[in-house]
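Trainee:
Numbering (the numbering used here), first residue to last: 361 to 718.
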């Protein structure tokens, strides 16, 4: 139990005790356990044993498990969706913990746990604050390393340490890009998924850009399709958005389709988890310096890979369905690739065709 107070604010003693509690935990294991769970191949569950058997002990009809059992393809779809949400959960958590650490440095005596709890800034505000910090100078190494270890470095730190600190910040930048993007908005997709499941998961969609139109009879040679540029070639998530008032094209309805490739998603999640853990462990070590407290184990510094080495394929596309109530125009049809944004112009109505072997 914690001491209580008649004040409307936390006392210094309460702040210290609460922060001790937070930093004595090991939340890194939560991220790693989720990653490992998704790395396992989806397999049917034995509903007659272990935790599954406990469910029927509450009076549930056992047929509720068997009649709703997912197929293999449905389990794979779930894995792709969960890999997407896990990466985004990590990205937002990393941005928030870095912001809290930097704010805590400027506010001695504040409660770190309290700051994380009460900060209601959205992604745009958080990212702006971090980019403002970035513009003011070098990224401090003790964001990712305990201050004592930073002080122990020689005047000319080893090249690997400097490289690792820059790499860690590059992954913070990647987390910021996932929250606030100039391209396709993964943050919107994540919100639509977790708030009411207003998304359409798909494992039946393939989209390819080809320069040759269908033949007069509507047929399309298979070789033409194979030589085209693939836009959607994986399990995908499709979501609808009406652009908010702050946007230049406010009021425009848009639909976005994102490829969900579990391998790259989980690879990004793994690096993000290590960077997050380095911030948490370093902050804990600094809090416990000179005290009889044990901080969580530091995961070590990562030298790579950078995000661009993992994200190698087309991210997806976005299609404007209506014009804006603000600008009277729309963003049209946009494709995002690892190299940037590509705008496509629709010049005619859609048509149907049949893909045939050559």
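Beta carbons are placed, not taken as given, at the ideal position from N, Cα and C, and that holds for glycine.
Would you say residue 579 and residue 713 are within 8 Å of each other, going by their C-beta atoms?
Mentor: Yes. Within cutoff.
Trainee: Mind the definition here: the stretch 598 to 611 touches the stretch 669 to 686 only if three or more C-beta pairs lie below 8 Å; say whether that holds.
Mentor: Yes, the stretch 598 to 611 is in contact with the stretch 669 to 686.
Trainee: Can you give the Cα-Cα distance for residue 616 and residue 436, rounded to whole angstroms?
Mentor: Cα to Cα, residue 616 sits roughly 21 Å from residue 436.
Trainee: Tell me the DSSP secondary structure of residue 685 in three-state form.
Mentor: Looking at residue 685 - three-state DSSP - the assignment turns out to be coil, as it is neither helix nor strand.
Trainee: Quick check on residue 418: buried or exposed, where buried means 16 or more other Cβ atoms within 10 Å of its Cβ?
Mentor: Per the 10 Å Cβ criterion, exposed.
Trainee: Would DSSP call residue 353 helix, strand or coil?
Mentor: Residue 353 is absent from the structure shown; the chain starts at 361 and stops at 718.
Trainee: Can you tell me where the alpha helix (DSSP H) with residue 373 in it begins and where it stops?
Mentor: Start and end: 372 to 383.
Trainee: Using a Cβ-Cβ cut-off of 7 Å (strictly less than) and excluding sequence neighbours within five positions of residue 489, which residues of its own chain qualify?
Mentor: Excluding residues within five positions, the ones whose Cβ falls inside 7 Å are 459.
Trainee: Comparing alpha-carbon positions, which option in 363, 379, 625 and 391 lies nearest residue 538?
Mentor: When each option's Cα is compared against that of residue 538, the closest is 625.
Trainee: In whole angstroms, what is the alpha-carbon distance linking residue 601 and residue 554?
Mentor: If I take the Cα positions, the gap works out to 15 Å.
Trainee: Going by Cα to Cα distance, which pick from 407, 473, 629 and 432 is closest to residue 385?
Mentor: Residue 385 has its Cα closest to that of 473, out of 407, 473, 629 and 432.
Trainee: Residue range of the alpha helix (DSSP H) that residue 670 falls in?
Mentor: Residue 670 -> alpha helix (DSSP H) spans 667 to 670.
Trainee: Jot down the residue ranges of each uninterrupted alpha helix (DSSP H) in the stretch 388 to 419, minimum 4 residues, whole runs only, in chain order.
Mentor: Listed in chain order, they are 388 to 399 and 410 to 416.
Trainee: Kindly list the residues whose CB is nearer than 6 Å to the CB of residue 486, restricted to its own chain and excluding five residues on each side of it in sequence; keep chain order.
Mentor: Taken in chain order, the residues that qualify are 455 and 459.
Trainee: Look up residue 477 in the DSSP assignment and say whether it is helix, strand or coil.
Mentor: Three-state result, residue 477: helix.
Trainee: Can you tell me whether DSSP reads residue 533 as helix, strand or coil?
Mentor: Helix.
Trainee: For residue 632, which three-state DSSP category applies?
Mentor: Residue 632: helix per DSSP, three-state reduction.
Trainee: With which residues is residue 600 paired in a DSSP beta bridge?
Mentor: Paired residues: 615.
Trainee: Thinking residue 636 and residue 471 are a contact (beta carbons under 8 Å), I'd like their distance in whole angstroms, please.
Mentor: Not really, about 20 Å apart at Cβ, beyond 8 Å.
Trainee: Grab the span of the beta strand (DSSP E) containing residue 548 for me, first residue to last.
Mentor: That residue, residue 548, is in no beta strand (DSSP E); its alpha helix (DSSP H) goes 546 to 554.
Trainee: Would you mind listing the beta strand (DSSP E) stretches within the stretch 486 to 536 that are 3+ residues and don't spill past its ends, in chain order?
Mentor: The stretch 486 to 536 contains no whole beta strand (DSSP E) run of 3 or more residues.
Trainee: May I ask you to verify whether the stretch 551 to 567 touches the stretch 587 to 595, counting CB pairs closer than 8 Å and requiring at least 3?
Mentor: At 8 Å Cβ cutoff, the stretches touch.
Trainee: Given a cut-off of 8 Å on the beta-carbon distance, is the pair residue 672 and residue 698 in contact?
Mentor: It is a contact, given that the beta carbons lie within the stated cut-off.
Trainee: Measure the CB-CB distance between residue 711 and residue 574 and report whether it falls below 8 Å.
Mentor: Taking 8 Å as the Cβ cut-off, residue 711 and residue 574 qualify as a contacting pair.
Trainee: Mind checking which residues open and close the beta strand (DSSP E) that includes residue 693?
Mentor: Its beta strand (DSSP E) spans residues 693 to 697.
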